[in-house]
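Sequential numbering of the sequence shown, starting at 30, is according to our numbering.
Don't be surprised by glycine CBs; every beta carbon is placed ideally from N, CA and C.
It should be emphasised that the depicted structure is a prediction, and the values quoted were computed from it without experimental measurement.
Notes for the one structure printed next.
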Amino acid sequence: MRKFVEQPALVPQMAEASRNLVERHYDVRKVNKVILEAMELA
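Structure below.
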């Protein structure tokens, strides 16, 4: 938190990086595909 107070320009950069990470790893379509494949339903 201190880093964000000292360098507020990092906030939007970190937010975008976090969003990109979540979209890559936790996209509901990708997660559902993995589950369906594991259940041999796809």
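For a quick check, are the C-beta atoms of residue i and residue j less than 9 Å apart?
i, j, result
"Ala71", "Lys62", "yes"
Under the three-state reduction of DSSP, which class applies to residue i: helix, strand or coil?
i, result
"Pro41", "helix"
"Glu69", "coil"
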